[in-house]
Amino acid sequence: MDPTSFAPVRAVLDGLSQLVVGLADLIHPLAGASATGVAVILLTLGVRALLVPVGVAQVRAEIQRRRIAPALAELRRRHAGKPEQLARATQE
-16 MDPTSFAPVR
-6 AVLDGLSQLV
4 VGLADLIHPL
14 AGASATGVAV
24 ILLTLGVRAL
34 LVPVGVAQVR
44 AEIQRRRIAP
54 ALAELRRRHA
64 GKPEQLARAT
74 QE
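This is the structure we're talking about:
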């Protein structure tokens, strides 16, 4: 089965194609024959820039997890075999 025959996938691909073509048309006076390649590069940089805050949040969360890991390990050791007490102590 061809994935592009699935309507939602086809719609997304068509939209992305139109975006690249539109951006290439805008860039064509500056980049000439390389306009499509430059458009793809600019879109890639744009997506990566949009993902930077997500990456920063992920790093902060990992630092927080590492900071509280020893305390959680101690709670797990102290409340081994008592899941209700462990859940209560973890929430505190």
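Residues -16 to 75, numbered by the working numbering, are exactly what the sequence shown covers, in order. Glycine is no exception: its CB is placed at the ideal position from the N, C-alpha and C atoms. Model, not experiment: these values are computed from the prediction.
Checklist entry - When you compare each of Thr73, Val21 and Pro53 to His62 by their alpha carbons, which one comes out closest? => result Sequence index remark: in the sequence shown, residue 62 carries index 79 (1-based). Checked all of Thr73, Val21 and Pro53; the closest Cα to His62 is Thr73.
Item to check | Rounded Cβ spacing between Val(-8) and Pro(-14) (contact assumed at less than 8 Å) | outcome: If you number the sequence shown from 1, residue -8 lands on position 9. If you number the sequence shown from 1, residue -14 lands on position 3. Right, their Cβ atoms sit about 5 Å apart.
Next on the checklist: Within 10 Å of its beta-carbon, does Ala70 have 16 or more other beta-carbons around it, so buried, or fewer, so exposed?
Outcome noted: Here residue 70 refers to the residue found at position 87 of the sequence shown. Exposed is the call here.
Checklist entry - For Ala22, is the classification buried or exposed, using 16 other Cβ atoms within 10 angstroms of its Cβ as the cut-off for buried? => result Walking along the sequence shown from the start, residue 22 turns up at place 39. The C-beta of Ala22 has 16 or more other C-beta atoms within 10 Å across all chains shown, which makes the residue buried.
Checklist entry - Mind checking whether Thr19 and Ala7 have CB atoms under 8 Å apart? => result Here residue 19 refers to the residue found at position 36 of the sequence shown. Here residue 7 refers to the residue found at position 24 of the sequence shown. Cβ distance < 8 Å, so Thr19 and Ala7 count as in contact.
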